[in-house]
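Number of protein chains: 2
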Amino acid sequence: MKLAEIANQLNSDIKKNNRFILFPHVMADGDAVGCCIALAKYLQVIKKDVIILMEEKIPSVYMFMNEGIDIQIYDESKKYEYEVCIALDTGDINRLGKRQGIYLSSITYNIDHHKTNNEYGLYNYIDCDASSVGEILFYLMKQMGVRIDHDMAQGIYVAISTDTGGFRYQNTNKKCFEISAELMDTGIDIQKISEWVFEKTNLKKLRLYESTIQNIKIYFNGKVALSSIRYDEYKSLDVTDEDFEGLVNIVKNIDGVDVGVFVRDRDNGEVKVNLRSNVDMVDVSLIACENNGGGHTRAAGFVSTKSTGEVCKLIMKSLEKYYQ
Amino acid sequence: MKLAEIANQLNSDIKKNNRFILFPHVMADGDAVGCCIALAKYLQVIKKDVIILMEEKIPSVYMFMNEGIDIQIYDESKKYEYEVCIALDTGDINRLGKRQGIYLSSITYNIDHHKTNNEYGLYNYIDCDASSVGEILFYLMKQMGVRIDHDMAQGIYVAISTDTGGFRYQNTNKKCFEISAELMDTGIDIQKISEWVFEKTNLKKLRLYESTIQNIKIYFNGKVALSSIRYDEYKSLDVTDEDFEGLVNIVKNIDGVDVGVFVRDRDNGEVKVNLRSNVDMVDVSLIACENNGGGHTRAAGFVSTKSTGEVCKLIMKSLEKYYQ
Chain A
167 MKLAEIANQL NSDIKKNNRF ILFPHVMADG DAVGCCIALA KYLQVIKKDV IILMEEKIPS
227 VYMFMNEGID IQIYDESKKY EYEVCIALDT GDINRLGKRQ GIYLSSITYN IDHHKTNNEY
287 GLYNYIDCDA SSVGEILFYL MKQMGVRIDH DMAQGIYVAI STDTGGFRYQ NTNKKCFEIS
347 AELMDTGIDI QKISEWVFEK TNLKKLRLYE STIQNIKIYF NGKVALSSIR YDEYKSLDVT
407 DEDFEGLVNI VKNIDGVDVG VFVRDRDNGE VKVNLRSNVD MVDVSLIACE NNGGGHTRAA
467 GFVSTKSTGE VCKLIMKSLE KYYQ
Chain H
167 MKLAEIANQL NSDIKKNNRF ILFPHVMADG DAVGCCIALA KYLQVIKKDV IILMEEKIPS
227 VYMFMNEGID IQIYDESKKY EYEVCIALDT GDINRLGKRQ GIYLSSITYN IDHHKTNNEY
287 GLYNYIDCDA SSVGEILFYL MKQMGVRIDH DMAQGIYVAI STDTGGFRYQ NTNKKCFEIS
347 AELMDTGIDI QKISEWVFEK TNLKKLRLYE STIQNIKIYF NGKVALSSIR YDEYKSLDVT
407 DEDFEGLVNI VKNIDGVDVG VFVRDRDNGE VKVNLRSNVD MVDVSLIACE NNGGGHTRAA
467 GFVSTKSTGE VCKLIMKSLE KYYQ
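Just so you know, the sequences run in chain order A and H.
The first sequence maps to residues 167 to 490 in the numbering used here.
The second sequence maps to residues 167 to 490 in the numbering used here.
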């Protein structure tokens with residue numbers, strides 16, 4: 167569908183119906199949560215019943231902007247009443263987790279920017295060139311004739327800024343800046359938002375950071391840096407897989423390093439490996455593939471049943487040809 | 167001077183003269199270096215002789231964008247030949263360090279955004295409302311009729327993005343985003359720039375980070391977090407004062423913390439203290455003033471000749487009234 171078509175369709179369904187459920191994907195991120203909140207705020211303004219139905223609890227860093235919005239965690243035993251379901255930032259129906267049944271038995275919208283989206287909704291609007299669904303939602307709301315207010319702007323800004331890593335990733339485009347400029351007219355507080363979504367940390371994350379730094383080893387004259395965390399180092403911390411995200415960047419970003427490797431023992435005895443390359447010369451997806459993993463030239467990974475020591479040796483063996 | 171006036175004056179001096187020196191302030195940051203590089207690139211394009219005269223070595227994180235530019239560290243024994251000197255982001259003549267003599271004996275420009283700038287140049291253009299001198303330089307170059315190319319855009323983008331902490335600080339304004347959108351038309355690589363100026367780190371910084379996390383202590387039920395680094399923990403690391411900047415944010419940004427305190431032993435036996443508050447209730451400048459320091463409500467500091475232990479006790483004593 168074209169932007170004008172989806173805007174007209176959604177406007178018409180909003181006119182005809184009263185009860186809406188908005189769906190972020192499982193393990194919701196800032197783009198999914200921010201868009202749900204922006205759209206929920208709009209539906210509230212025009213006096214519709216709206217809930218955001220989450221698979222898990224909303225991450226605490228987004229809890230500064232959900233005041234007055236009915237955010238519920240899916241409960242199988244509960245009866246939900248609704249006519250229209252809108253999935254945001256959800257590339258695949260399985261990313262709706264246990265909420266698929268609810269979603270599918272209604273008028274369904276699927277608004278997304280993932281290349282792999284297979285158009286599982288009744289109405290689909292997929293723009294793979296968009297930095298974020300926040301970017302899509304901004305233009306969609308404008309096309310629908312929505313007057314974007316402070317709270318909607320805040321949601322959209324969170325969506326765009328988090329999905330671009332704070333305007334740092336490759337997907338940052340001209341529109342991200344143009345939209346942000348326009349959103350500022352609503353009086354959003356960039357510093358407050360940024361403190362919540364980018365700066366806030368907790369002792370658990372800091373301890374993982376500390377262990378990662380502590381365990382850094384340098385190879386091949388500073389060209390390769392590896393760090394690892396053993397299970398016994400984090401088992402007392404009550405961490406989830408998510409908490410390890412980004413730790414590989416600590417080694418990747420050391421001055422002079424070509425390849426950063428982060429290795430973590432899982433509680434089930436498996437070893438999870440993240441590989442990052444800063445140079446075209448080293449394609450880390452090759453190393454991942456050798457170990458039944460996958461990924462891209464500059465970011466790849468695999469899971470192994472070998473010991474951490476063995477895995478590290480194998481990786482260094484694969485990197486030898488570049489540095490010896 | 168008004169923007170049009172300074173633009174005309176500078177265009178006229180560029181027409182009449184051939185040798186230019188650009189001055190970033192001592193301990194040059196991204197705004198100063200980025201602006202100097204952008205302006206130097208322009209002067210090169212129109213075939214002028216231009217050098218950037220630094221007080222110290224250019225920080226390595228900006229060395230991805232200085233190719234082809236003559237950047238020199240000031241050498242008292244050297245004779246410099248020039249007609250026009252331009253200080254950028256330099257709020258005070260003393261911030262030119264040992265280069266003041268060179269600067270003053272020419273046609274001098276002073277382009278800045280510091281409130282405290284006392285107009286020490288022959289021609290002064292000070293805009294205190296600007297997020298950065300990068301923002302000023304963008305509009306100035308446009309007013310001068312400059313076609314901003316990729317390299318100039320890169321310098322301006324570095325200036326704006328670093329001075330706003332990557333569009334996160336309070337000074338981030340609508341113009342920052344509008345300018346960034348326009349600069350993207352020149353093909354600047356946001357991801358590459360951001361990796362250099364925001365992500366790059368080194369083992370020395372990581373070790374300071376590690377010690378800071380290791381030494382975190384929590385007070386008043388999680389409302390106050392303090393960390394400290396002893397001299398013996400960093401004396402082997404070859405660090406400068408600059409390397410400690412930002413460490414206080416580790417404690418400030420812990421979820422639930424109102425007040426973050428960072429305490430560091432200096433090699434001369436003094437103790438340097440940084441205080442940060444996240445809440446209006448606690449004005450940390452009061453604590454700083456009690457100890458002959460200063461600052462603002464939410465960011466203050468002092469230096470003490472007492473022992474670290476004594477200093478920490480004094481700070482907690484001052485905070486007691488809020489939390490007991």
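Every residue gets a Cβ at the ideal spot worked out from N, C-alpha and C, and that includes glycine.
For residue i, three-class secondary structure by DSSP
| i | result |
| --- | --- |
| H/K401 | helix |
| H/I252 | strand |
| H/I354 | coil |
| A/S346 | helix |
| H/L188 | strand |
| H/T443 | For clarity, residue 443 of chain H is Ser in the given sequence; the question names Thr instead. Strand at H/S443. |
| H/I382 | coil |
| A/V425 | strand |
| A/Y246 | coil |
| H/T330 | coil |
| A/I314 | coil |
| A/N415 | helix |
| H/Y375 | helix |
| A/V390 | strand |
| A/T367 | strand |
| H/N177 | helix |
| H/N290 | strand |
| A/I212 | coil |
| A/T282 | coil |
| H/M193 | coil |
| H/V448 | coil |
Min CB distance residue i to chain H below 7 Å
| i | result |
| --- | --- |
| A/L262 | no |
| A/M447 | no |
| A/E376 | yes |
| A/E365 | yes |
| A/K340 | yes |
| A/I180 | no |
| A/L372 | yes |
Contacts that residue i makes with chain H (C-beta to C-beta distance below 9 Å)
| i | result |
| --- | --- |
| A/I354 | None at all; the shortest Cβ gap to chain H is about 11 Å. |
| A/D409 | Those do not exist, as A/D409 stays about 13 Å from chain H at its closest Cβ, beyond 9 Å. |
Chain H contact residues for residue i, given Cβ-Cβ distances below 8 Å
| i | result |
| --- | --- |
| A/A319 | None at all; the shortest Cβ gap to chain H is about 12 Å. |
Per DSSP, the bridge partner or partners of residue i
| i | result |
| --- | --- |
| A/R430 | A/I395 and A/K438 |
| H/G460 | H/G467 |
| H/T274 | H/C251 |
| A/Q238 | A/L219 |
| A/I420 | H/T367 |
Beta-carbon neighbours of residue i, restricted to chain A and to distances below 8 Å
| i | result |
| --- | --- |
| H/F333 | S327, G332, F333, S346, I356 and S360 |
| H/Q336 | I356 and Q357 |
| H/M350 | N339, K340 and F343 |
| H/I416 | T367 and L372 |
| H/S226 | D421 |
7 Å Cβ cutoff, residue i in contact with chain A
| i | result |
| --- | --- |
| H/I379 | yes |
Chain A residues whose Cβ lies nearer than 7 Å to that of residue i
| i | result |
| --- | --- |
| H/N419 | E365, K366 and T367 |
Minimum Cβ-Cβ distance from residue i to chain C less than 7 Å
| i | result |
| --- | --- |
| H/I235 | Absent here is chain C; the protein component of the structure consists of chains A and H. |
Using 8 Å as the Cβ pair cut-off and three pairs as the minimum, do the stretch 422 to 441 of chain A and the stretch 468 to 487 of chain A touch? Yes: at least three Cβ pairs fall under 8 Å.
Are there three or more Cβ pairs, one per stretch, closer than 8 Å when the stretch 270 to 290 of chain A is compared with the stretch 298 to 307 of chain A? The answer is yes - the stretch 298 to 307 of chain A touches the stretch 270 to 290 of chain A, with three or more Cβ pairs under 8 Å.
Does the pairing of the stretch 408 to 425 of chain H with the stretch 378 to 392 of chain H give three or more beta-carbon distances under 8 Å? The stretch 408 to 425 of chain H, when compared against the stretch 378 to 392 of chain H, does touch it at the 8 Å Cβ threshold.
Touching or not, the stretch 233 to 251 of chain A and the stretch 206 to 217 of chain A, by the rule of three or more beta carbon pairs under 8 Å? Here the stretch 233 to 251 of chain A makes contact with the stretch 206 to 217 of chain A; the two share three or more CB pairs at distances below 8 Å.
State whether the stretch 438 to 447 of chain H contacts the stretch 460 to 478 of chain H, with contact taken as three or more CB pairs (one from each stretch) at a distance under 8 Å. Under the Cβ criterion (8 Å, minimum of three pairs), the stretch 438 to 447 of chain H counts as touching the stretch 460 to 478 of chain H.
Within 8 Å, do at least three Cβ pairs link the stretch 399 to 406 of chain H to the stretch 361 to 380 of chain H? The stretch 361 to 380 of chain H vs the stretch 399 to 406 of chain H: in contact.
Three or more beta-carbon pairs under 8 Å between the stretch 304 to 317 of chain H and the stretch 306 to 323 of chain A, yes or no? No: the two stretches stay apart, fewer than three of their Cβ pairs being nearer than 8 Å.
Using 8 Å as the Cβ pair cut-off and three pairs as the minimum, do the stretch 328 to 345 of chain A and the stretch 343 to 360 of chain H touch? Yes: the two stretches touch, three or more of their Cβ pairs being nearer than 8 Å.
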